[in-house]
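Single-structure report; data block below.
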Amino acid sequence: MLYRTAGQFKTSYRADQALFPVRQDAILLGLVLILTWVIFPLTASEFAFQTLLIPILIYALAAMGLNILTGFAGQLSLGTGAFMGVGAYACYKLITIFPWMNPVVAILLSGVFSAGIGVAFGIPSLRIKGFYLAIATLAAQFFLVWLFEKWSWLYNDNASGAIQVPNIETLGVWVAGPQAASITQYYVVLIVVTLMTVLCINLTRGTLGRTWKATRDMDIAAELIGINLMRSKLTAFAISSYVVGVSGALFVFMWRGAAEPNLFDIQLSFRVLFIAIIGGLGSIMGNYLGAILIVGLPVVLNTLPATFGLPISSATVEHLNIMIVGALIIFFLIIEPHGLNQLWRLIREKLIIWPFPH
Amino acid sequence: QELYVPNLAYRTGPFAATGIPLMNGQADYMAMLNARDGGIGGAKLNFEECETGYSTEKGVECYEKTKGRAIVTQPWSTGITLQVLPKTNVDEIPILAPGYGFSPMADGKVFQWAYNTPAGYWDAASMILQYLDGQGGLDGKKIAFLHLDHPYGKEPLPLLEKKAGEMGFELVPIPVGLKEMQNQSAQWLQIRRERPDYVVMWGWGAMNAGAITEAVKTKFPMENMVGVWWSGHDADLKIVGADGAGYKSISWSFPNADAPVMADIKTHVVDAGNSQSNEEEMAGVFYSRGIVISAILAEAIRVAQEEYGTAEIDASQLRWGLENIDMSEARIEELGLTGMVPPFSTSCANHTGHSGGWMLEWDGEKFVKVSDLLSADLEDYQGLIGEKAQEYADANAPWPVNEGCEG
Amino acid sequence: MADAAAGKAPLLEVNNIEVIYNHVILVLKGVSLTVREGGITALLGGNGAGKTTTLKAISNLLHSERGEVTKGTILYRGERVAHLDPAALVKKGVIQVMEGRHCFEHLTVEENLLTGAYTRGDGKAAIEADLEMVYTYFPRLKERRKSQAGYTSGGEQQMCAIGRALMSRPETILLDEPSMGLAPQLVEQIFEIVRAVNEGEGVSFLLAEQNTNVALRYAHTGYILESGRVVMEGSAESLRENPDVKEFYLGMSEEGRKSFRDVRSYRRRKRWLA
Amino acid sequence: MYDYVIQPFVEMVEAPDFLLQVLWEGLVSGILYALIALGFVLIFRSSRIFNFAQGIMVVFAALTLVGLHAMGVPAWIAVAATLFVMFLLAVAIERVVLRPLVGQPDIILFMATIGITLFLIGLGEIIFGGENKVMITEELGIPTGDFVLEPWGGLLILQHLDITVVVVATLLVGALLAFLNYTRMGRAIRALGDDHQAALSVGISLQTIWVLVWFIAGIIALVTGIAWGARAGVSFALEVIAYKALPVLMLGGLESITGAIIGGLMIGILEKLFEIYWGQPFLGGNTETWFAFVLALIVLLFRPQGLFGERIIERV
Amino acid sequence: MEMRNITLRFGGVVAIQDISFDIREGEIRAIIGPNGAGKSSMLNIISGFYTASEGEILFRGAPRPAMKPYEVARTGVARTFQNIALFEGMTVLDNVMTGRLTHMHSGILSQALWWGGAQREEVANREIVEKVIDFLEIQAIRKTPVGRLPYGLKKRVELARALAAEPTLLLLDEPMAGMNVEEKEDMSRFILDVNDEFGTTIVLIEHDMGVVMDLSDRVVVMDYGKKIGDGPPDEVRANQDVIDAYLGVPHE
Ligand SMILES: Nc1ncnc2c1ncn2[C@@H]1O[C@H](COP(=O)(O)OP(=O)(O)OP(=O)(O)O)[C@@H](O)[C@H]1O
Ligand SMILES: Nc1ncnc2c1ncn2[C@@H]1O[C@H](COP(=O)(O)OP(=O)(O)OP(=O)(O)O)[C@@H](O)[C@H]1O
Ligand SMILES: [Mg+2]
Ligand SMILES: [Mg+2]
């Protein structure tokens, strides 16, 4: 009876298109917002900020970017890691060339670069489909990482070949670099991620979103009903890469503090893909659920043996960890191939008809 | 009473093969101290491992997890070291990166919290060149520098480039991508085309075995191939066995089965069933290196305890300890590390110690020493250290520098 | 003809089954039916009535669509078959021809037919002989034997699918909408073949069909399914004479067949909206 | 211009023995790529599953073999036992992973194989540890010497091992092709790839076929593992070479055995040539990390289904 | 619209051979013929999915230049498909809304911001779509994902999507396949009403002779790529070629 939609009538199309047509959902969202904006920052430890809160937000954003491309527009990409890299390197160059630039502005700008490169690598998608396209995006993945390694201008000719985030001060607080406090970085990330989420939701529920979904579900039919496939696919690549690029910039500037080229390796792409898929392709909220699971799970697993005082060596824990994550991925795919988001929807459907089984 | 000295170990991932013996050596030595002496100065050592799999990401996570109580952090990869380096400055925890990390860390004035005892990569490069020079001069020769395409592999490049000009040899850098470690035929074809007089190798993990097997296959004369200390792992050479005879590696550690410390480890750790190692591994170079690394840390703890008169030292007290290690011959004997590590000492400005090292050679079954103790030509790169350290500090401004220490 | 079949033993019995998709969507709400040996049984009903679902429940193909039988039993020759996998069922002689043809696009027509003989162990010669038999039923297939099935026309694909089923030497064929999208001539032709196979080889058919008119002409008995329930059953003649069937399934009212142009009111009973 | 375009060819002509060596090395790595790709193709054909776990299966097979031998099992018995383990693995994967996921979208199954990869990495490291191990080349009776030829007064080294690999791979491919095209099982495998549901409906047992196919992929993995292991030792780092199979597949076509072979050879040889004559002199080396992908990408622009892939049937 | 000497080949296969016919404004034009005759291919040519190997298409008297399918759609041609081509991952409402895409033009930025232009456009188009939904009586399934719908309803949603585009030319490829008589009656009604109310020109492919004969104004008969008959229904029904090739036994 708690979750009951009956009786909430909509009287205008506008109301029907509201983000949360169901009152309970709006309340739930309010709770989540209070948690993330007030309660977490007040209570979280340094460890929680660094290993849970900040990375979960950043990974969720990256997955959201990927989800636009893969979940909404149906173009499977395995090059997310490299596009995050483009965002990160672009941000690094912006900050070092224009030291006066506001870091948030720099982060938002750096997405533009990855969007450009995303479009360039998206062009083959007009002809190549499915797994062939996925492998083709690997060309971007490997080529870009190679470029990060070889093009020393990108990392200002540092001897180590890595980029290091300098200390950046804005409005009297350190927002990036080793001097910055975790809580500041958390808020910066939160602001950017919230902004991006709102934009993504708007894009995916409107005309563009429908264009993408049509392209995804059946591109031939989409073209025949008047969708310009090239435009549809390329905008998906551009916007997806933009979001991914921004997340890459956040990744390095607001969390890692430094990066070497192989950080943006294929493993990163897979990680983001896991999040998107476990969360649910074609959903925005799912990315958060996926990120919580994929980022949070190993952290929790790591602390378990110590909590129970089990005498297992850390290496074994790590091996078990890998096994468990692998097994869980399979497990979640089996119980709900359409991701956590869908699981949530099913629960909701059950709640609506509760206490009747059908 | 307990001292928390965690280790960001890696026993998994593509580099596990080289990590495991090192971690075992480190852990066994600490376990031995706990069993034999009840720790150091009465304080037990908590030598917990946090598994990184050599991944920078996991490494940072481990650092964040342990930094609350830890008095030292041992990041165990150049990548992780680079990442936590600026953080340790803020968190005020010493990084101990024995024989790896960022070469300019030798400058204690700039890198107050970082230590790469007993020798750094530039020491290694300098000694290798010195040794090769001794084999008949380097003027007009050609050296192929086969290295991992990764911050670690690039470390010695600035020095090698500088020395190439000075000593008159030609340097051909040949990078090996992380994905090509197992399949280096392109690199070795290049070596065959270039016909270098020597191959100097900066390899790690699976890259070493790959390079050594390729060298044997392409019939490169093994005696003209020299590796840094991380490329001198017994297991890598065992793959080719006798065909690898003549291969050399510089090292600041050496296994000595007769050293008292080995006997102690055997009685207190191995016989008690607390070791993860085995006999074959314990006879190897890397296991002994693990022991030496732990011994250095233990020594620093002891020095700090004496200075501050407390068994439970904190991170900044340990930092003082690390700056005042004096591993003299006598002290090495006392610790039972006979012949396992060259003498060295650190100071406020000198965070490396520049211990020098021996050239080891694979005789087909094991590594043997083929040189006296070599020592690096510090003057060659003292300037370079200062310069690069300053560059780093500038890029990371505001970067607190320890003005108090001179010389 | 119908009387001949009626006397025979029940071959397949479906008792009161329920099917749920995706754990929440209840599609069949207690369907029971009987297929007699040597007969042609038609399963009729509008869109979404659950015909396909019933057939899939019998041949155990629901699993891969996240559907499951939650209640009731299915007996084949008196034996429960619900736990068998589809392959075992084919060995027992029950084979399904799926809705929408489902040929193996990249295999040639002949290879498609040969896959039908997959479960058989009676040697090459027998299979060759049956291949010839199928080609005599469907001469068109012989012409196109070497072309990839994906590029053949709809009718050819339908023939290919039926032929493929025949290759397994079945006792019972579950045939799902054989007439969909076929030219009238072909529809007749295919039903003629169904009858020929039924009479010649003694194969029993369970036939899901929209085209009530044709189906009732060839079938012996029929069931009418609506919203997951059987609402009517009986011999083909009795169904044909039933006024409701006449009006809603055959498009005839008292005055005879009406032109589509003249139908002025929407007479739908909005079954699926309920 | 001259430097980039003409000079490399001049070099090739000037040192033909070296060029031959380059081609030979390319050929051998090409064959090895192709072997991994074969495993992919087989599984893809029968189930449209893009089996990412093929790489780790190679490692797993090799580790099991070496591990069993280290426990004192004679070499050939260890091979048999390893095959049995691969069979069990195939059964387990079918039971636990594939069966519940029948009929799901491709990408879900793809993800599941990545799950399998992670699981096997963890399991393998717990059982076998992460150290580099030596392949039991001699114990298996694989020749290890080399031929040294001197064409045009130059030098050409051919490893016996490599020659063995080339021969074994050729036989394996021949056998596979015959199996797929001329047997009942082979036809069923191809049918299954086109349409699960229809295959089920004609009585093809998914279970049997999948176990069979994964087992064959396991056998291929073992052969690949022995071959690579003999070259570079056996460790988890081997897994990364599996990525090289991807452009091979793309170039050859995901469902074509012939494609896998030709694609493998093309990529092996071309990437070596490019790296030696262009990559190293002009681009700072290591172009092998991406060359194959870019090459495949360019080919795909002209033939979206790869050189030998099945034509994508697009109709409405 | 007029088709002149259209020929279409796939490799060696000739799917359509030298066919000409015309479509008059406002009429219902049926195409019939045995399976594989090339009917769908002809529709594909009209909607731009295939380009004719030879021949030309005249649109309102002027030759139509080579166009991408989406450009054709924007000239007011909408269609349904033989094997349903709905967007399975979307709800019915969204599917029908895609039909409006050719009429919606707000930019990416305004969409990202949502409030303002994009929303107004969305609401305006939603109204049109709701009218179509009402018309086809699919209100109740508005929010259902189409993947779950039964076949017949899917066909209707497809029609709704095509209608939402407010086309001038509507191409229907076997809209009544797999329906029973009652459903066919409804569908016929919709088709006639569209034709009457909006004056939409309709091209219809259908195998049910009853439907074809009752609805269409003129019929083209194709057989193996050739045209074997053209004219009003009754005339075609009596044509012996047509009976031989297609109808088989005289219907009813
Ligand atoms: N995979 C599925 N998931 C959810 N619902 C389904 C699924 N398959 C079918 N249904 C639903 O089950 C009901 C019955 O479908 P079924 O295909 O059995 O009908 P049918 O009688 O064969 O209709 P048609 O004549 O259109 O083929 C329909 O309402 C359909 O929406
Ligand atoms: N993309 C294609 N490639 C090759 N051949 C094709 C292609 N599309 C259609 N054909 C061939 O063209 C011929 C005509 O096909 P079409 O689909 O137009 O027939 P149809 O008249 O619509 O038949 P049906 O009534 O069965 O739908 C067939 O022989 C078919 O195999
Ligand atoms: Mg049906
Ligand atoms: Mg057609």
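Residue numbers (the numbering used here), protein chains in the order written: chain A, 10 to 367; chain B, 340 to 746; chain C, 7 to 280; chain D, 968 to 1283; chain E, 3 to 254. From the three backbone atoms N, C-alpha and C, an ideal C-beta is built for every residue, glycine too.
**Asked** Going by C-alpha distance, which of E:P65, E:A32 and E:R31 is nearest N7 (chain E)?
**Response** E:P65
**Request:** For E71 (chain C), verify whether its CB is less than 7 Å away from any heavy atom of ligand 1.
**Result:** Yes, the beta carbon of E71 (chain C) sits closer than 7 Å to at least one heavy atom of ligand 1.
**Message:** Distance check for S241 (chain A) and G35 (chain E), CA to CA, integer angstroms please.
**Reply:** 37 Å
**Prompt:** Assuming V154 (chain A) and D228 (chain A) make a contact with CB atoms under 8 Å, what is their CB distance in whole Å?
**Reply:** Not confirmed; about 30 Å, so no contact.
**Item:** Cβ neighbours of A732 (chain B) in the same chain (closer than 8 Å, five flanking residues each side left out)
**Value:** Result list for A732 (chain B): V449, W738 and V740, in chain order.
**Prompt:** Residues of chain D with CB under 8 Å from R136 (chain A), in chain order?
**Reply:** Neighbours of R136 (chain A) in chain D, taken as residues whose beta carbon is under 8 Å from its own, are L1267, L1268 and P1271 in chain order.
**Prompt:** Looking only at DSSP bridge pairs, what is S210 (chain C) linked to?
**Reply:** C:T178
**Request:** Leaving aside the five residues before and after S65 (chain C) along the sequence, list all residues of the same chain whose C-beta is less than 7 Å from its C-beta, in chain order.
**Result:** Answer for S65 (chain C): P92, L95, V100, Q102 and L180, listed in chain order.
**Message:** I need the straight-line Cα distance from Q451 (chain B) to M239 (chain A), nearest angstrom please.
**Reply:** Computed Cα separation, rounded: 56 Å.
**Asked** Regarding G91 (chain E) and ligand 1, is the C-beta to nearest heavy atom distance less than 7 Å?
**Response** It does not: the Cβ of G91 (chain E) is nowhere closer than 7 Å to a heavy atom of ligand 1.
**Message:** Which residue marks the beginning of the alpha helix (DSSP H) containing W461 (chain B), and which one marks its end?
**Reply:** Y460 to G473
**Asked** Buried or exposed: E1127 (chain D), going by 16 or more other Cβ atoms within 10 Å of its Cβ?
**Response** In the sequence as displayed, the identity of residue 1127 (chain D) is His instead of Glu. Looking at its Cβ environment, which holds fewer than 16 other Cβ atoms inside 10 Å, H1127 (chain D) is exposed.
**Contacts that V575 (chain B) makes with chain D (C-beta to C-beta distance below 9 Å)** = Here residue 575 (chain B) turns out to be Asp, not Val, going by the sequence shown. The answer, in chain order, is N1099 and G1200.
**Item:** Under 7 Å from the C-beta of Q422 (chain B): neighbouring residues of chain A
**Value:** R265, G266 and A267
**Request:** Return the CA-CA distance between T391 (chain B) and F279 (chain A), expressed in angstroms with no decimal places.
**Result:** 18 Å
**Prompt:** Three-state secondary structure (DSSP) at Y281 (chain C)?
**Reply:** Chain C is shown only over 7 to 280; residue 281 (chain C) falls outside these bounds and no answer can be derived.
**Opposing strand residues paired with G131 (chain A) [DSSP bridges]** = Answer by DSSP bridge pairing: none, since G131 (chain A) is not bridged.
**Request:** Could you tell me whether the stretch 261-277 of chain A touches the stretch 74-93 of chain A, using the rule of 3 or more Cβ pairs below 8 Å?
**Result:** yes
**Asked** Name the residues in the stretch 527-544 of chain B whose C-beta lies less than 8 Å from a C-beta of chain D; which are they?
**Response** Residues of the stretch 527-544 of chain B with a C-beta less than 8 Å from any C-beta of chain D: L528, Q529, R531, R532 and G544, listed in chain order.
**Message:** Quick check on F12 (chain E): buried or exposed, where buried means 16 or more other Cβ atoms within 10 Å of its Cβ?
**Reply:** exposed
**Span separating the alpha-carbon of Q1174 (chain D) from that of D136 (chain C)** = 27 Å
**Request:** Could you tell me which chain F residues have their CB closer than 8 Å to the CB of A179 (chain E), listed as they occur along the chain?
**Result:** The structure shown has no chain F; the protein chains it does contain are A, B, C, D and E.
**Request:** Taking V568 (chain B) and S694 (chain B) to be in contact with their CB atoms under 8 Å, please state how far apart those CB atoms are, rounded to whole angstroms.
**Result:** Note that residue 568 (chain B) corresponds to Trp in the displayed sequence, not to Val. Not really, about 11 Å apart at Cβ, beyond 8 Å.
**Prompt:** If you measure from the beta carbon of L11 (chain A) to each beta carbon in chain B, is any gap under 8 Å?
**Reply:** In this prediction, L11 (chain A) scores a pLDDT of 49, lower than 50, which makes its location untrustworthy; no coordinate-derived value is stated.
**Prompt:** Helix, strand or coil: which one does DSSP assign to M139 (chain C)?
**Reply:** helix
**Message:** Would you say L113 (chain C) lies against chain D (beta-carbon separation less than 8 Å)?
**Reply:** For L113 (chain C), the answer is yes, since a Cβ of chain D falls inside 8 Å of its Cβ.
**Message:** Looking only at its chain, what residues have a beta carbon closer than 6 Å to the beta carbon of A280 (chain C), apart from the 5 residues adjacent to it on each side?
**Reply:** Caution applies to A280 (chain C), whose pLDDT of 30 falls short of 50 and renders its modelled position unreliable; the model cannot decide the point.
**Prompt:** Among all the DSSP beta bridges, which residues are the ones paired with R31 (chain E)?
**Reply:** E:V205 and E:R220
**Message:** Rounded to the nearest angstrom, what separates E704 (chain B) and G549 (chain B) at their Cα positions?
**Reply:** The straight-line gap separating the alpha-carbon atoms of E704 (chain B) and G549 (chain B) is approximately 18 Å.
**Buried versus exposed call for N97 (chain E) [16 or more other C-beta atoms within 10 Å across all chains shown]** = buried
**Item:** Simplified DSSP state of H89 (chain C), which is helix, strand or coil
**Value:** coil
**Boundaries (first-last residue) of the beta strand (DSSP E) holding M506 (chain B)** = First-last for M506 (chain B): L496 to M506, but that is the alpha helix (DSSP H), not the beta strand (DSSP E).
**Request:** Could you name each continuous beta strand (DSSP E) segment of 3 residues or more that falls completely within the stretch 94-147 of chain C, going from the start of the chain to the end?
**Result:** 100-103
**Message:** Taking DSSP's pairing of strands, which residues face N21 (chain C) in a bridge?
**Reply:** C:T79
**Asked** Terminal residues of the continuous alpha helix (DSSP H) containing Q283 (chain B)?
**Response** Any property of residue 283 (chain B) remains undetermined from this structure, which presents chain B solely from 340 to 746.
**Asked** If you draw a straight line from the alpha carbon of G696 (chain B) to that of P457 (chain B), how long is it in whole angstroms?
**Response** 9 Å
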